Every structure is written in C-alpha cells, then in structure tokens.
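Trainee: Below is one structure. I have some questions about it.
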Amino acid sequence: MERFRHPSLAARVRPANPHPIRETGDYVLYWMQLYRRLRWNHALDYAIESAANLGKPLVIYEGLKRSYPWANARLSQFMLEGMRDTARDAAQLGVTIWQFVEGSPDHENNRPAWFHPDGRGLVRHLAAKACLVVTDDYPMYIVPEQSLALAQKTDTAVHLVDGNSIIPLANLGDPVGAAAHMRPRIHRQFAEHWPHGPIAEPVLPAVVRQAVPAPFPTWTPPEDLPRLVQSIGVDPTVPAVANIPGGREAGLAHLREFVRKRLTRYAEERSIPDSLQRTAASGLSPYLRHGHVSIHEIVSAVLNHRGNWSVDQINFKNRNKREGFYCDDADVNSFLDEAITWRDLGYHWHRHRRTDIRSLQTALPDWAYATLHRHSTDRRAHVYTREQWEHADTHDHIWNAAQRELVATGRIHNYLRMLWGKKVLEWSASPEEAYQTLEYLNNKYALDGRDPNSYSGILWTFGLFDRPWPPERQVFGNIRYMSSENTAKKFKLGPYLDWVRSLPTIGQVHRGVTSLTPATLF
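If you count the sequence shown from 1, position 449 lands on 1573 in the working numbering, and the numbers rise without skipping.
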C-alpha cells in the first residue's frame, strides 16, 4: 500500500508494534491524543490516506479523562473547548468522530456491558476492530506511555506520526546542547521540507466519510461547558481564565491578531514585560501545546504576512545565523528562530533523551549538575516554602507580580518567566527543591505547561542548553545568574506592575474569580 509522496512524510511515521495492517478490519482509527485539530495535521493526513487505500471509513477518537496529571478546571475547560471545536469541524468534514469525557452524563445511558464509565480499556476495545490505529508521536507527558501501552496490549498495528515540527525530528540527528548547534541542521533542511507540510484543507473520499455507528454512548458538547467542568470532579481551585478560551477557533483568532498587530514589533519589543493587551510576545504556546493550531500554519501565516513567501526568498548566505535567513524581515526572523530553532531544540532533546526528566542529576549536563551540587549547601539569603511561592508571598515585588500573572492568566511574560525560575533556584533550600517547586507551579497553572518547551525552559534555569558563566557565585556556581534589580533597570516595569495589580488576587482565583477586565484582553 503506497502512502508517501515524499521522503519527509515517510520519516514521520514509525510502527509502535510489529503487527501488520489488518485489511479485514472495520475502519482506520485515528486516536487523537495531542494534535487536536482536523486541519494541518500530519497524523490525520496519514490516517485519511491509509483509510482511502484500504477502502475503509475513518473513525477519530478523542477523549478526556479526569485522572490526567495536574487535572484542574483551567486545563479541562481549555481542552473541552478544543473538543467542542473538533466536533464541529468533524461534522463539516463529514468524518466520524467518537468523543469521551469522563464524568459526563452523556455516557450514562444505554452503555454496553464492556464499557467502563472511567474510560478504562475504551481505546483498546476500539482498536480491536480497526485495520490500523494511527496516533500522535509526541515526545513526552503521558502520550508515549499511553501509546506504548496500547501497542503492547492490542493485536492491531499501531503507527505513530510525528507532527511536531517543520522538519521530522528523526531527521535532526543526535541531541545537541545548544540552539547554536541545532540551527544549522534546521537551516540546512528547511527548504527541502517546507513544501511538504500537512494539508490545510483535507478532502476526504466518500469511502473515508462513511458513517460508523459508535459502540458506546459518545459525548456531545453541551452549551454550558463551565457547568460540565464543575461536575466532572477536577480541582476547582485553578479555574478557567474566562477571557482566554481554548480551541481551534480561539487559537486562529489569536494567530490572526498576532500577525496583524504585534508581529511588526516582535524583534524589538518581545522581551519587554507588559500586559496581555500590549505585549509583543505571541502568546500562541497554549494553542500549540494543546494541538489546537499547528506550527506549520503559524509559520505559514508569519512568512506570508507581507505577501506570498517562497523558499526562493531564503538567504543562504545567512545560514546558521539567527537573523536574515528566512527573509529580510527582522521581526519574521526573530519570531521563527524562537518558534522553530528553540522549540525544535526542546522537542528533539525530549524525543532522544534516555534519562529521567524528574531528576536534575540525570536531566542536566554534567557541568551544570556538578556546579549546583558544589553549592547546594551555600547559605541562602532567603528560603521560601512551596506555599509561600504559590501565594506570591516573597520579599521581591517583581517575582510576586510574575507569579500573580501565572495564577490569574495561565502565563508569564517570556522574559519574566526566566527571572521567575532563577529566583526560585536562588531562594529554595536546594536545587532539587527548586526544580520540584517550578514543575509544580508551572504544570498546575500554566496553559502551556506539561510540554517539552516548558520543561526545557524550567531546566534552562539550572543550565540545560546553556554554558558555564563566570564568575562562580554563591548558590548558582557557574549557572547563569539573573537579578530583579537588573530587570528593573533594563525595563520600565511600571505599566506591567500596574496591570498585574488589576488582576484577580491569588485568593480570588482560588475561590473562582477569573474574569479579566476588557483592558486585559489580547
């Protein structure tokens, strides 16, 4: 069965088990774990093509269990808003979609004997009647473990599809320790792979669109998603951010707004801390993290914001440089270096790592762990507990503001996010405790947490993807140091601090007050 038109597509697919495709199955199943969208999706493209070649209908399964790590109302509502949009798009495409939400009353009536209300064994049951299961090849969080568990328990072929970046992660070679080493690999292959991205508007053959009756009572998106979130039993003390909705529709609106209003300020202003309304930062990471938008369509929108871009505009004289490679627009190059080079660096490292990410000793480069270990018993000027960190109860008003922003809005401005991490390292009892605190705060509150880039950012605090910085300091050793005093000198923080003071307090957020005033909207 011929599936690939170009080697870049073949490099994205790998089998998770040795089973052959079963041509006698009833359908091709796309288990949509991470890339939760029906456009610009390599895994969906592969599933459509496989179903067409087999002459079988395609079934998409998308689920949400309340037992996922760090489950809370904020994350659940963001994902449910995405599932609502996916259901709408599936109806427009004419493809069968079965959705499951643990705790939803939709699953209570007419359920078969094999069906468990918590979703246990559901995917395995659906896989048993499939010719092939296609799923997302995401390099961390619960996705690899879930995919492996299914692959080991089913007799059906399970194929993983890498839709993480412009260039297949398998084509980027061995892991590297710095963006300067990743950039040449990307620049060398970008022009080759760019024309072979996912399909923006997939067209499904009639056989692929054949309706397949669901074998269990499926979820139907209700009008009142917040009420459903309240009823399914996740942590209510981290409520949804009312004016930052999830889903593909919101993600695309955000992308259009960024390209139209903020991209032209990106190179010079992206590092300046400011409100959600005024910042030049993109703010697209939550939608990338949850798969509501694709890195391909973001890059396409940015490259084409001044007209039709083509690979002929690439300046190969600037290959391996941060500026001037993709075109002559400084804002475009600055954004793409962050969105492609730095993002790929983290994703590629997570895909190839053979170490425990929860341990600094195994996650960090040897020099970084050694210097932190040498200074682990240094006297700290301040030592805060996790509760004090979480409630922004420190002596540092800039750090407190960044933490308040995180709790209220699910994000921290990119420059302050680096400072936020450095101060937790400086004022924790040990590096290990600092890491645990940062993981806890980021994964609990951040809309883009639990992601290769968010872990890379946290570990950068401790020296990952960095180099030794002299002179050797107390607590930090040779780890890069950042101070609130220098940050206050570098930026005019008054407008940002005033804006944070207008946000709901941490106590109000924990009690469910989440609405942002119109002045805080994107």
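Positions of the beta carbon are idealized from the N, C-alpha and C atoms, including for glycine.
Fair warning: this is a prediction, and the values are worked out from it, not measured in the lab.
Nearest by alpha-carbon distance to glycine 1631: which of Gln1512, Arg1478, Asn1233, Tyr1192 is it?
Mentor: Gln1512
Trainee: Per DSSP, asparagine 1440 forms a beta bridge with which residues?
Mentor: Before going on, a small fix: residue 1440 reads as phenylalanine here, not asparagine. According to DSSP, phenylalanine 1440 bridges with nothing at all.
Trainee: Buried or exposed: where does proline 1369 fall if 16 or more other Cβ atoms within 10 Å of its Cβ makes it buried?
Mentor: buried
Trainee: Taking all protein chains shown into account, do 16 or more other C-beta atoms lie within 10 angstroms of the C-beta of valine 1435, making it buried, or fewer, making it exposed?
Mentor: exposed
Trainee: As a quick exercise: from Tyr1411, Pro1308, Ala1195, pick the residue whose alpha carbon is nearest that of glutamate 1447.
Mentor: Taking each of Tyr1411, Pro1308, Ala1195 in turn and checking the Cα distance to glutamate 1447, the smallest one comes out for Pro1308.
Trainee: Is there contact here, the stretch 1253-1261 with the stretch 1137-1154, by at least three beta-carbon pairs under 8 Å?
Mentor: yes
Trainee: Could you give the uninterrupted runs of the alpha helix (DSSP H) lying entirely in the stretch 1497-1547, keeping only those of 4 residues or more?
Mentor: 1510-1514, 1521-1533
Trainee: Measuring alpha carbon to alpha carbon, tell me which residue in Gly1301, Asp1242, Pro1292 is nearest aspartate 1490.
Mentor: Gly1301
Trainee: Quick check on DSSP: helix, strand or coil for phenylalanine 1224?
Mentor: strand
Trainee: Can you list, in chain order, the residues of its chain whose CB lies under 7 Å from that of proline 1555, leaving out five sequence neighbours each side?
Mentor: Leu1484, Leu1496, Ser1500, Leu1549, Phe1586
Trainee: If you compare alpha carbons, which of Arg1413, Gln1598, Lys1385 is closest to tyrosine 1471?
Mentor: If we check each option's Cα against that of tyrosine 1471, Arg1413 comes out closest.
Trainee: Give the DSSP-derived three-state secondary structure of tryptophan 1155 in the structure shown.
Mentor: strand
Trainee: Just the C-alpha distance for valine 1423 and alanine 1463, rounded to the nearest angstrom, thanks.
Mentor: 8 Å
Trainee: Should asparagine 1428 go down as buried or exposed, given a rule of 16 or more other Cβ atoms within 10 Å for buried?
Mentor: An exposed status is given to asparagine 1428, since fewer than 16 other beta-carbon atoms sit within 10 Å of its beta-carbon.
Trainee: So, is asparagine 1602 buried or exposed, given that buried needs 16 or more other C-beta atoms within 10 angstroms?
Mentor: buried
Trainee: In three-state DSSP terms, what is leucine 1488?
Mentor: coil
Trainee: Roughly how many angstroms lie between the CA atoms of alanine 1377 and alanine 1553, to the nearest whole one?
Mentor: CA-to-CA, the gap between alanine 1377 and alanine 1553 works out to about 43 Å.
Trainee: Can you give me the Cβ contacts of valine 1531 inside the same chain, cut-off strictly under 6 Å, excluding the 5 residues immediately before and after it?
Mentor: Tyr1569, Ile1630, Val1633
Trainee: Quick check: the stretch 1132-1140 against the stretch 1243-1252, are at least 3 beta-carbon pairs closer than 8 Å?
Mentor: Between the stretch 1243-1252 and the stretch 1132-1140, the count of Cβ pairs shorter than 8 Å is below three; the stretches do not touch.
Trainee: Is leucine 1562 near isoleucine 1582, with beta carbons less than 8 Å apart?
Mentor: Result yes, Cβ atoms of leucine 1562 and isoleucine 1582 sit closer than 8 Å.
Trainee: On the DSSP bridge assignment, give the partners of threonine 1259 in chain order.
Mentor: Trp1155, Leu1284
Trainee: Go through its chain and collect everything with a Cβ distance to arginine 1235's Cβ below 8 Å, but skip five positions before and after it.
Mentor: Once the five neighbours on either side are set aside, the close Cβ partners of arginine 1235 are Pro1241, Phe1340, Pro1341.
Trainee: Below 8 Å CB to CB, which residues in the same chain sit around arginine 1443 once its five sequence neighbours on both sides are set aside?
Mentor: Pro1308, His1311, Arg1312, Phe1449
Trainee: Nearest to aspartate 1398 by CA position, among Thr1220, Leu1571, Gln1157, Ala1612, is which residue?
Mentor: The shortest C-alpha separation from aspartate 1398 is found at Ala1612.
Trainee: Mind checking whether histidine 1476 and tryptophan 1164 have CB atoms under 8 Å apart?
Mentor: no
Trainee: Out of Gly1573, Thr1533, Glu1226, Asn1457, which has the shortest C-alpha to C-alpha gap to glycine 1636?
Mentor: Thr1533
Trainee: Using 8 Å as the cut-off, can you tell me whether the stretch 1217-1228 makes contact with the stretch 1343-1357, which would need three or more C-beta pairs spanning the two stretches below that distance?
Mentor: The stretch 1217-1228 makes contact with the stretch 1343-1357: 3 or more CB pairs, one atom from each, lie closer than 8 Å.
Trainee: In terms of residues, what are the limits of the alpha helix (DSSP H) holding glutamate 1186?
Mentor: Run containing glutamate 1186: none in the alpha helix (DSSP H); it sits in the beta strand (DSSP E), 1182-1188.
Trainee: In the DSSP assignment, find the alpha helix (DSSP H) that holds valine 1633 and state where it starts and stops.
Mentor: 1630-1634
Trainee: What do you reckon, are the CB atoms on histidine 1474 and proline 1410 nearer than 8 Å?
Mentor: no
Trainee: Any chance the stretch 1449-1459 sits against the stretch 1385-1392, with 3 or more Cβ pairs inside 8 Å?
Mentor: yes
Trainee: So is aspartate 1622 buried or exposed if we call it buried at 16+ other beta carbons inside 10 Å?
Mentor: In summary, aspartate 1622 is exposed, with fewer than 16 beta-carbon neighbours lying within 10 Å of its beta-carbon over all protein chains present.
Trainee: Based on the DSSP secondary-structure assignment, which residues constitute the bridge partners of glycine 1601?
Mentor: Arg1597
Trainee: Is the CB-CB distance between isoleucine 1266 and tyrosine 1192 below 8 Å?
Mentor: yes
Trainee: Give the range of the beta strand (DSSP E) segment to which valine 1137 is assigned.
Mentor: 1137-1139
Trainee: Is the closest heavy atom of the ligand COA to the C-beta of leucine 1588 under 7 Å?
Mentor: Ligands are entirely absent from the displayed structure, and the ligand COA is therefore not among its contents.
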